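Participant: A single structure is presented below for examination.
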Amino acid sequence: MTSRRNGGLVRPHRLPIGIAPWPTRLELTMTSMRRPRWKPLIAGLSISLLLLSGCNPARSGDQQKFELRFAHVTSVGTPKGLAADFFAEQVEKKSSGRIEVEVFPNSELYGDKDEMQAIQSNAVQVLAPASAKFTTIAPSLQVLDLPFIFDDPDEIPEVASPDTEIGKAIYANPDLEENGLKVLGLWDSGMKQIHSNNKTLKPEDMRGKKYRIQPSDVLRTQFETWGGIPTPLAFAEVYSGLQQGLIDGGENTYSNIQSQNMHTVQKYVTELDHGYIGYILTVNKRWYDELPDDLQTAVDEAADEASEFNRKEAQKVNEESKKTIEESGGTEIVIPSKEERQAFKDMVVPSEYEKYRDVIGPEVVDELLERNEKRG
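Taking full-length UniProt numbering, the leading residue of the sequence shown gets 1, the next gets one more, and so forth.
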C-alpha cells in the first residue's frame with residue numbers, strides 16, 4: 001500500500017501520441033500555398049476531437065490513478081484494523097494498482113471528534129466508524145446502539161442483511177446520501193462488555209458511577225436507566241480517563257479493552273453481551289462516483305470480501321483478547337447468570353426501543369420487537 005499526495009488523478013502534460021507540435025507561421029504560409037484550404041480545417045477538427053476525448057477523466061483509460069485514504073481510531077490488530085488492511089490490499093489488487101491506498105490506524109490522522117467531517121470534505125475517502133458516530137447526520141443508525149438486539153454475533157449477517165428493515169436503515173439510508181456518503185458494508189467489532197473497578201452483576205451496582213459511552217442518545221438513556229452516569233469520551237482518551245479517575249468504567253468489546261490496555265486499570269470485566277459495536281464501512285460518494293465503472297466494481301468487491309474477512313476475524317480476535325485479559329491476572333472476568341442478565345434487559349427492552357421509535361423508524365422497531373418475542 002502506497003500513498004500519493006496529488007489528489008489521485010494523473011493528467012498528461014504532453015499532447016496525445018500522434019499529434020504533432022503546433023506549426024510555425026512560416027510553415028503555415030508555405031503549406032497554405034500548396035494545399036487546399038479544407039485540409040487544415042479537417043486537421044484542426046481532428047485535434048479538437050482528440051483533445052476532447054480526454055476531458056472525462058472519471059471514465060477514461062488505464063493511465064488514470066486514484067488515491068484512497070482510509071483512517072480509523074483502533075489498533076492495527078483489532079477486527080477493524082485487520083479488516084482495513086485486508087480491504088486496502090484487495091482494492092490495490094483488484095484495481096491493478098490504479099487505486100493506491102494508505103491506511104492510518106489508531107487516530108494517527110483523524111480522531112473521533114473530526115473523522116466524520118474529514119470524510120464529508122473528502123480529506124479521507126473511506127472510514128469505518130461505529131454507528132454512534134453518525135448520530136448527528138443519520139440518527140436512524142442508532143438502531144445498532146439499541147441494547148440486546150443480538151444475543152450472538154452469528155445472528156448479525158442475517159438480522160442486518162440488506163433486505164431486512166434493519167439492513168435497509170443501514171445500506172439505503174437517505175440521510176447518508178444527502179451528506180455525500182455511501183455505505184459499502186457492515187463490519188463487526190463484537191459484543192460489548194462492562195468494564196469497571198467494581199463487580200457489576202446487577203443494575204444497582206452501576207448507580208452513581210461514570211461510564212464512558214460513545215456520543216449516542218440511545219446509549220445515554222440506556223446507562224441512565226441502569227443508574228449510571230453516561231460520559232461521552234473519545235476512544236483514544238479512555239485509558240487516560242480511567243487511569244486518572246475521570247471515569248469509573250465503560251463498555252466495549254474484549255478486543256478494544258485489551259488492545260488499549262483498559263484492563264490494566266480496571267479490576268473487573270462483566271461479560272454482559274448487552275450491545276453490539278458495528279462499524280459502518282463508508283466511502284465519500286463524490287470520490288466513488290468519479291471512479292470508472294471497473295474501479296467501482298473493484299471497490300465493491302473488496303468491501304464485500306473484507307466484510308466476510310472481518311466477521312471471522314472479529315470472533316477470533318475477541319476470544320484471544322479475552323484469554324489475554326484472563327491470563328494477565330489483574331482483571332477478573334465476571335459471568336452473570338441468565339437471571340442476572342435478564343434483569344438488565346428488562347429495564348431497557350422494550351422501553352428503549354419504543355422511546356426511539358420515531359427516530360429509528362417504526363418498521364425497524366416493529367421488526368426488532370417481533371424478533372425479541374420469538375427469542376423470549
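Glycine included, each C-beta is placed from N, C-alpha and C at the ideal position. These figures come from a predicted structure and were not determined experimentally.
Between Y110 and the rest of its own chain, which residues show a CB-CB distance below 6 Å, the 5 nearest in sequence each way excluded?
Facilitator: Taking the first residue of the sequence shown as 1, we reach residue 110 at position 110. Closer than 6 Å at Cβ, skipping near neighbours: A71 and A118.
Participant: Do you know how far the Cα of Q342 is from the Cα of I156?
Facilitator: On the sequence shown, position 156 is the one that residue 156 refers to. On the sequence shown, position 342 is the one that residue 342 refers to. Each residue's Cα considered, the two are about 21 Å apart.
Participant: Three-state secondary structure (DSSP) at L291?
Facilitator: Reading the sequence shown from its first residue, position 291 is the one you call residue 291. Three-state DSSP puts L291 in coil, outside helix and strand.
Participant: Of the residues G228, D217 and Y288, which one's Cα is nearest the Cα of E204?
Facilitator: Along the sequence shown, read from residue 1 onward, the residue named residue 204 stands at position 204. For the residues G228, D217 and Y288, the minimum Cα distance to E204 belongs to G228.
Participant: Could you spell out the range, first to last residue, of the beta strand (DSSP E) harbouring F66?
Facilitator: Working through the sequence shown from its first residue, we reach residue 66 at position 66. F66 to A71 is the extent of the beta strand (DSSP E) around F66.
Participant: Could you check the C-alpha separation between V159 and S140 for me, to the nearest Å?
Facilitator: By one-based count along the sequence shown, residue 159 stands at place 159. By one-based count along the sequence shown, residue 140 stands at place 140. Rounded to the nearest angstrom, the two C-alpha atoms are 16 Å apart.
Participant: Reducing DSSP to helix, strand and coil, say where G249 ends up.
Facilitator: Here residue 249 refers to the residue found at position 249 of the sequence shown. The DSSP-derived three-state label of G249 is strand.
Participant: Under the rule that 16 or more other beta-carbon atoms within 10 Å means buried, what is K133, buried or exposed?
Facilitator: Here residue 133 corresponds to residue number 133 of the sequence shown, with the count starting at 1. The residue in question, K133, is buried, as its Cβ has 16 or more Cβ neighbours within 10 Å.
Participant: Assign I99 to buried or exposed, taking buried as 16 or more other Cβ atoms, counted over all protein chains shown, within 10 Å of its Cβ.
Facilitator: Position 99 of the sequence shown, counting from 1, holds the residue named residue 99. Buried, because 16 or more other Cβ atoms sit within 10 Å of the Cβ of I99.
Participant: Since I believe I170 is in contact with L181 (beta carbons under 8 Å), could you give me their beta-carbon distance rounded to a whole number of angstroms?
Facilitator: Along the sequence shown, one-based indexing puts residue 181 at 181. Along the sequence shown, one-based indexing puts residue 170 at 170. That pair is no contact at about 12 Å.
Participant: Just curious, the alpha helix (DSSP H) that V91 is in, first and last residue?
Facilitator: If you number the sequence shown from 1, residue 91 lands on position 91. That run of the alpha helix (DSSP H) goes P79 to K94.
Participant: Provide the residue(s) that pair with P230 in DSSP beta bridges, ordered along the chain.
Facilitator: Mapped onto the sequence shown, residue 230 falls at position 230. The partner list for P230 (beta bridge, DSSP) reads Y211.
Participant: Just the C-alpha distance for E92 and K65, rounded to the nearest angstrom, thanks.
Facilitator: Position 92 of the sequence shown, counting from 1, holds the residue named residue 92. Position 65 of the sequence shown, counting from 1, holds the residue named residue 65. If I take the Cα positions, the gap works out to 11 Å.
Participant: Consult DSSP for T200 and reduce its assignment to one of helix, strand or coil.
Facilitator: Working through the sequence shown from its first residue, we reach residue 200 at position 200. In this structure, T200 counts as coil in the three-state DSSP scheme.
Participant: Locate the beta strand (DSSP E) running through S189, then write down its first and last residues.
Facilitator: Counting from 1 along the sequence shown, the entry for residue 189 is found at position 189. Start and end: L181 to M191.
Participant: Which residues bound the beta strand (DSSP E) around G278?
Facilitator: Within the sequence shown, the letter at position 278 stands for residue 278. Y276 to N284 is the span of the beta strand (DSSP E), which, as asked, contains G278.
Participant: Taking the beta carbon of D358 as the centre, do at least 16 other beta carbons fall within 10 Å, making it buried, or is it exposed?
Facilitator: The residue given as residue 358 occupies position 358 in the sequence shown. Exposed, because fewer than 16 other Cβ atoms sit within 10 Å of the Cβ of D358.
Participant: Could you check the C-alpha separation between Q260 and Y239 for me, to the nearest Å?
Facilitator: As a first step, residue 260 must be located in the sequence shown, where it is residue number 260. As a first step, residue 239 must be located in the sequence shown, where it is residue number 239. Their backbone Cα atoms lie some 7 Å apart in a straight line.
Participant: Have a look at V101 and E67 and give me their C-alpha separation to the nearest angstrom.
Facilitator: The count along the sequence shown starts at 1 and reaches residue 101 at position 101. The count along the sequence shown starts at 1 and reaches residue 67 at position 67. Going from the Cα of V101 to the Cα of E67 covers about 6 Å.
Participant: Going by beta carbon distance, what residues of the same chain come within less than 7 Å of T324, once the five residues before and after it are set aside?
Facilitator: As a first step, residue 324 is located in the sequence shown; it is residue number 324 there, counting from the start. Answer for T324: Q258, listed in chain order.
Participant: Could you work out which residue in V103, K80 and V76 is closest to E89 when comparing CA atoms only?
Facilitator: Taking the sequence shown and counting its residues from 1, one reaches residue 89 at position 89. When only C-alpha atoms are compared, the closest one is V103.
Participant: Just checking, does the segment 206-226 make contact with the segment 291-302 on the three C-beta pairs under 8 Å criterion?
Facilitator: Two segments are said to touch when three or more pairs of C-beta atoms, one from each, lie closer than 8 Å; by this definition the segment 206-226 does not touch the segment 291-302.
Participant: Give the straight-line distance between the Cα atoms of E271 and I194, rounded to the nearest whole angstrom.
Facilitator: Your numbering for residue 271 matches position 271 in the sequence shown. Your numbering for residue 194 matches position 194 in the sequence shown. Roughly 7 Å between the two C-alpha positions.
Participant: Check the DSSP bridge columns for F334 and list the partner residues they point to.
Facilitator: As a working note, residue 334 is residue 334 in the sequence shown. The amino acid occupying residue 334 in the given sequence is Val; Phe does not appear at that position. For V334, which the question treats as bridged, DSSP gives the partners T270.
Participant: When you compare each of N173, P105 and N284 to V364 by their alpha carbons, which one comes out closest?
Facilitator: The residue labelled residue 364 in the question sits at position 364 within the sequence shown. Of N173, P105 and N284, the residue nearest in Cα terms is N173.
Participant: Along the alpha helix (DSSP H) that carries N178, what are the first and last residues, could you check?
Facilitator: Locating residue 178 in the sequence shown gives position 178, counting from the first residue. A small fix is needed here, since residue 178 is Glu in this sequence, not Asn. Start and end: P174 to E178.
Participant: Which of the three DSSP states is assigned to E327 in this structure?
Facilitator: Taking the first residue of the sequence shown as position 1, residue 327 is located at position 327. Note: E327 maps to helix in three-state DSSP.
Participant: Nearest by alpha-carbon distance to Q125: which of G77, V349 and V283 is it?
Facilitator: Here the question's residue 125 lines up with position 125 in the sequence shown. Looking at the Cα atoms, V283 is the closest of the given residues.
Participant: In terms of residues, what are the limits of the alpha helix (DSSP H) holding V359?
Facilitator: Locating residue 359 in the sequence shown gives position 359, where the first residue counts as 1. R357 to I360 is the span of the alpha helix (DSSP H), which, as asked, contains V359.
Participant: Quick check: the Cα distance between N122 and Y288, rounded to an integer number of angstroms?
Facilitator: Stepping through the sequence shown from its first residue, residue 122 is reached at position 122. Stepping through the sequence shown from its first residue, residue 288 is reached at position 288. Near 11 Å, if we compare the C-alpha coordinates of Y288 and N122.
Participant: Would you call the CB atoms of K345 and F148 closer than 7 Å?
Facilitator: Your numbering for residue 345 matches position 345 in the sequence shown. Your numbering for residue 148 matches position 148 in the sequence shown. Against a cut-off of 7 Å, the Cβ pair of F148 and K345 comes out as a contact.
Participant: When the Cα atoms are used, what is the spatial distance from Y211 to T164?
Facilitator: Sequence index remark: in the sequence shown, residue 211 carries index 211 (1-based). Sequence index remark: in the sequence shown, residue 164 carries index 164 (1-based). Rounded to the nearest angstrom, the two C-alpha atoms are 32 Å apart.
Participant: Please list, in chain order, all residues of the same chain as F87 whose beta carbon is under 6 Å from its beta carbon, the five residues on each side excluded.
Facilitator: Translated into positions along the sequence shown, residue 87 becomes position 87. A302 and A306.
Participant: Going by C-alpha to C-alpha distance, which of F235, N372 and I213 sits closest to S351?
Facilitator: Counted from its first residue, the sequence shown places residue 351 at position 351. Taking the Cα of S351 as reference, the smallest distance to any Cα among F235, N372 and I213 is reached at N372.
Participant: Can you tell me where the beta strand (DSSP E) holding E100 begins and where it ends?
Facilitator: The residue given as residue 100 occupies position 100 in the sequence shown. Element bounds for E100: I99 to F104.
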